[in-house]
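A short write-up of the structure that comes next.
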Amino acid sequence: MNSKKIRQSFIKFFENKKHHKVASAPVLPYDDKSLLFTNAGMNQFKSIFLDLEKPKYIRVVNSQKCIRVSGKHNDLEEVGRDGFHHTFFEMLGNWSFGDYYKKEAIQWAWELFTEVWKLDKSRLWVTVFKDDDEAYNLWEKETDIDKSRIIKCGKKDNFWEMAETGPCGPCSEIHYYVGDDLENQNAKHVNNSSDYWELWNLVFIQNNRLKDGTLEDLPNKHVDTGAGLERICSVLQGKNSNYETDLFSETISDLEKISKTKYIDNEVTYNVICDHIRMLSFAIADGVLPSNEGRGYVVRRVLRRASKFVMNLDFKRNQYYINWSNQLFPQCLTLILN
Ligand code: GLY
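In our numbering, the protein residues as written are 469 to 806.
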């Protein structure tokens with residue numbers, strides 16, 4: 469299945485469960501000083517969670533453009549070194565605003581993964597927040613996951629917060645073992661090894677983190693989920709890295725042509741360039757231009773970082789500038805328009 473079909477099948481699955489499809493918000497947050505960039509699908513629904521706005525629909529689904537290069541969620545240093553972290557990525561998500569809660573969120577995530585997408589159950593692991601017996605019991609009773617694959621973890625991994633302040637809550641993550649040795653999987657390696665990829669995070673939004681660090685209970689309980697499209701594509705397409713999926717293949721082959729180098733000889737460099745092109749394309753398209761401060765400064769740093777990695781490919785200076793503007797920029801536009 470190509471990435472377009474995978475995105476569509478996620479949306480369709482939740483539309484069939486009475487969710488309304490909404491558009492992605494821009495990567496430039498609407499009116500939120502707690503964030504430099506949209507870092508999760510739930511950002512655009514913050515005022516609904518905080519009960520400052522009534523939802524138009526109580527169940528929604530979307531694919532959200534996200535940038536994680538600043539603040540609480542910052543994956544910049546991992547990018548390129550492994551095949552599954554990005555500065556820009558698409559987050560597939562479903563939400564309940566005071567409607568269904570943990571039971572349906574868990575049942576439906578398992579149904580989509582194991583019955584629709586037919587992911588191998590002997591590779592799947594689930595984590596729950598250590599105090600969340602309700603989620604633990606639901607995984608055990610409402611799905612056919614092997615009990616030994618449900619793990620309790622602490623706040624660092626299983627209490628999700630969008631920023632220093634704002635809506636948050638305990639979460640339950642679904643991880644996938646991508647390694648070769650099925651018999652040698654180990655619960656201790658989940659969250660601690662690059663052979664175990666977090667594919668989907670189910671957040672049970674029930675608290676609000678205040679400026680003084682305390683937590684207050686929200687008036688209603690909500691569901692906020694996030695699954696990285698790039699990782700899901702990698703797993704469903706049987707690849708070892710997100711960069712081997714159709715989401716990146718055209719950029720990689722353009723870069724091979726322009727630079728007269730090969731991906732296999734320059735994997736990290738190619739990964740960084742391909743990742744940063746997407747981040748820059750979407751940031752600029754949504755109105756964040758390189759500048760000396762704030763968001764614009766982050767964009768400028770990423771642009772400079774991408775250029776530095778381009779130099780690893782031994783481009784001649786003139787050729788590099790001409791090729792960047794003539795060939796890679798249209799590639800950016802293609803990414804935006806698709
Ligand atoms: N809001 C869920 C996540 O970003 O993982």
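All C-beta atoms in this analysis are idealised placements derived from N, C-alpha and C, irrespective of residue type, glycine included. Please read these numbers as outputs of a predicted model, since none were measured by experiment.
Would you call residue i buried or exposed, if buried means 16 or more other Cβ atoms sit within 10 Å of its Cβ?
i	result
residue 687	exposed
residue 695	buried
residue 682	exposed
residue 772	exposed
residue 698	buried
residue 548	buried
residue 717	exposed
residue 510	buried
residue 484	exposed
residue 692	buried
Only counting the same chain, and skipping five residues up and downstream in sequence, which positions put a Cβ closer than 6 angstroms to that of residue i?
i	result
residue 480	none
residue 621	595
residue 709	551
residue 750	495, 533 and 556
residue 578	611
Just to confirm my understanding: we take residue i, look at its own chain, exclude 5 residues before and 5 after, and list those with CB closer than 7 angstroms. What are they?
i	result
residue 724	730 and 731
residue 658	593, 595, 619, 643 and 664
residue 470	714
residue 600	638
residue 516	523 and 565
residue 765	759
residue 487	527, 528, 529 and 562
residue 542	536
residue 781	727, 729, 734 and 737
So residue i packs on residue j, CB below 8 angstroms; how close in whole Å?
i	j	result
residue 671	residue 706	About 29 angstroms separates the two Cβ atoms, so there is no contact after all.
residue 770	residue 537	6 angstroms
residue 606	residue 570	6 angstroms
If I measure Cβ to Cβ from residue i and keep anything under 8 angstroms in the same chain, skipping five residues before and after, which residues do I get?
i	result
residue 498	512
residue 519	686, 687 and 688
residue 506	493, 494, 495, 496, 497, 512, 532, 533, 534 and 535
residue 720	711, 731, 738 and 742
residue 768	758, 759 and 760
residue 574	603, 606, 607, 610, 611, 640 and 670
Would you list the one or two residues that DSSP bridges to residue i?
i	result
residue 809	An answer regarding residue 809 cannot be provided, because it is not within the stretch 469 to 806 covered by the chain.
residue 559	532 and 696
residue 542	537
residue 523	According to DSSP, which records beta bridges pairwise, residue 523 is partnered with nothing at all.
residue 628	637
Under 8 angstroms, Cβ to Cβ, is there at least one residue of chain C near residue i?
i	result
residue 743	The structure shown contains no chain C; it holds only a single protein chain.
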